[in-house]
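Below: one structure, written as C-alpha cells.
2 protein chains.
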Amino acid sequence: MSVQERKARERAVRERLIVATARELAEQQGWDAVTTRRLAERIEYSQPVLYSHFRGKREIIGAVALEGAAEMAVAVRAATSAADGPRERVVALARAYLDFAERNPAVYDALFQLDGGLAYAQEDTPEPLKDAFAALLESLGEVAGDGVHPGLFTEVFWASLHGLATLTRAGRLLPEDAAQRVELLVDRLAVL
Amino acid sequence: MSVQERKARERAVRERLIVATARELAEQQGWDAVTTRRLAERIEYSQPVLYSHFRGKREIIGAVALEGAAEMAVAVRAATSAADGPRERVVALARAYLDFAERNPAVYDALFQLDGGLAYAQEDTPEPLKDAFAALLESLGEVAGDGVHPGLFTEVFWASLHGLATLTRAGRLLPEDAAQRVELLVDRLAVL
DNA sequence: TTGCTTGTCTAGCGATGCTAGGATTCGAGT
DNA sequence: ACTCGAATCCTAGCATCGCTAGACAAGCAA
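Those protein sequences? They're chains A and B, same order as listed.
Position in the first sequence counted from 1, then plus 136, gives you this note's numbering.
Position in the second sequence counted from 1, then plus 136, gives you this note's numbering.
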C-alpha cells in the first residue's frame, strides 16, 4: 500500500507542477506560448506525460482557472473585510477585482476568456467558481437595493467589472481614467 | 490605363470576397475553423493569394471587424432614432447592442475579443471604430448626468454592455434573465 | 528469476500560418 | 504581329501546433 501511496503522492506533486508551470509560462509569454512541447520541456518530462494527467491543453487551462478562482475569492474577501461601510466595501471589491485581473492576466483569461472545459452557472459548476461568485455576492448583495434580486444585481455588477477589465487590457479603453470609471460605476450601481 | 483600372477593380472585388467569406465561415463554424487553407478553397484561389491582400490572418480578422463596426453603428443609430425620450433611447441602444453581439458573434469577437491588429482609443484608430463609439456617445451622452464627462460615461456603459454580452455568450451568465439585467443596468446607470 | 503491470519516451500524424521559387499569363513596345 | 518583361498565381515546403501509437524500460508480485 505504501508504495502506491507514494506514487500517488508523486503524481499529485507532478500535476501541481504542470499547472503551476503552465500558469507561469502563460503569465510570462501569454497563453499562445503555452504549447505542450514547451510545457513538457519545462517540467522535464515528455509530452505524453501531460496527457496522463489531463485530457489536453484545454483541461490544463481549466485547472489554472480553478486555481485562479480560489485566489480571486480570497483577494475579494480580504479586501472587503478590511473596509468599513457598504460603499467602501463595494469600492474595495471593485478595486480588488480589477487589480486581480490586471496582475494575473493569464489566469483571468483562463477564467473568463478561454475555454477551459468548465461548466459555469450550472449545478455541476466546480466549487471554486461558485465560491468566487459567492464572494462577490456577499458584499454586493447588501447594496442591490429594494426589490432587486441580489444574485441578479451581482451578475450585472460583475459583468460591468468584467467589461472594464477586458476592454482595458485589450487596449480598447485607456488605463488613465480607470479609477474614475470605477467611482462612477459604484456610485451609480450600488444603492447605499 | 483602363486595363489597370479593371485589374484594380477586380482586386478590390476579390478582397471583399475574402472578407465576406471569412466572416461567413466564422459565423458558421467559429473563427477556429477559418484557416487559410479553407478560406482559400472557398474563394477558389490558392493560399498565397490571401497574403497578397492581407499580411496574414490577423489582418483579415481586422477587416471583418471594421465591416462589423460600421454595421453596428448603423444598427445602434437606427434603434435610437426610432425611440422617443432619453430612457427609451438608452434601452433601445442597449438592446440593439446586445442583439448585434448575439446575432453576429463572430463579428463581435473580431471587434472586441480577437486581435485584428487594429488600434483602439488612439489617434490612428480607424474611422469605423471611432464612429461606432460616436454612435454610442450620441445617445448616452445625454444621460451621463451633471458633472460627468459624457465620454467617460459612455465608456462605462459600453463596458457594462460588453461584459453582459461576453459573459452571456461564454456561458458564464444564463440567458434567461438577460432582459432584467438590461433594465437594471439602464435604470441605475442612466440619469434621466 | 520470471512475468506482468505500470510508467515513460521516441517517433509520427494531420493540421496550422506563412513563404520561397517556379510557371503562366498577359499587356506594352517595336 | 511578335517578342519581351512584368505582374499574377500556384505548387511545394518549412516550422510548429495538439495529440497519439507503439516500443521500451523500470519495478513490483509470484
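C-beta: ideal position from N, C-alpha, C; glycine also.
Please check the pair L310(B) and A257(A), which I expect to be a contact at CB under 8 Å, by giving their CB distance rounded to whole angstroms. In this structure L310(B) touches A257(A) by the C-beta definition: roughly 5 Å separates them, less than 8 Å.
Which one of L320(A), Q165(A), T302(A) has the shortest CA to CA distance from G287(B)? Across the set L320(A), Q165(A), T302(A), the C-alpha of L320(A) shows the shortest separation from the C-alpha of G287(B).
Drop a sphere of 10 angstroms on the beta-carbon of P264(B), count the other beta-carbons inside from all chains shown, and report buried for 16 or more, exposed for fewer. Within 10 angstroms of the beta-carbon of P264(B) lie 16 or more other beta-carbons, which makes it buried.
Counting only beta-carbon separations shorter than 8 Å, does L321(A) have a partner in chain B? Closer than 8 Å to some Cβ of chain B, the Cβ of L321(A) qualifies, so yes.
Using a C-beta to C-beta distance shorter than 7 Å, which residues of chain A count as neighbours of Q316(B)? Here the neighbours are L288.
At what residues does the alpha helix (DSSP H) containing R308(A) begin and finish? Note, R308(A): premise wrong, no alpha helix (DSSP H); not H, not E.
Can you look up V149(A) in the DSSP assignment and give me helix, strand or coil? Reduced to three states, the DSSP call for V149(A) is helix.
Measure the alpha-carbon distance for V170(B) versus Q183(B) and round it to whole angstroms. Between the alpha carbons of V170(B) and Q183(B) lies a distance of about 12 Å.
Give me the Cα-Cα distance between R231(B) and E141(B), rounded to the nearest whole angstrom. Between the C-alpha atoms of R231(B) and E141(B) there is a straight-line separation of about 43 Å.
Should L202(B) be flagged as near chain A, meaning a C-beta pair shorter than 8 Å? Among the CB atoms of chain A, none fall inside 8 Å of the CB of L202(B).
Measuring only the C-alpha atoms, how far is L340(B) from L297(B)? Chain B is shown from 137 up to 328; residue 340(B) falls before or after that span and cannot be answered.
Given this structure, state the Cα-to-Cα distance separating V210(A) from R145(B), to the nearest angstrom. Roughly 60 Å between the two C-alpha positions.
Say whether the region 160-170 of chain B touches the region 215-230 of chain B, bearing in mind that this needs 3 or more beta-carbon pairs closer than 8 Å, one atom from each stretch. Here the region 160-170 of chain B does not lie against the region 215-230 of chain B, with fewer than 3 beta-carbon pairs under 8 Å apart.
Between A280(A) and R159(A), how many whole angstroms is the CB-CB distance? I'm expecting something under 8 Å. About 34 Å; that fails the 8 Å criterion.
I196(A), DSSP secondary structure in three states: Residue state, collapsed to three classes: helix.
Alpha helix (DSSP H) containing D323(B): first to last residue? Taken as a continuous stretch (DSSP letters only), the alpha helix (DSSP H) holding D323(B) covers 314-325.
Taking 8 Å as the threshold (beta carbon to beta carbon), is E224(A) in contact with chain B? Closer than 8 Å to the CB of E224(A) there is not a single CB belonging to chain B.
At 9 Å on the CB atoms, spell out the chain A contacts of F248(B), in chain order. T302, L303, A306, R308, listed in chain order.
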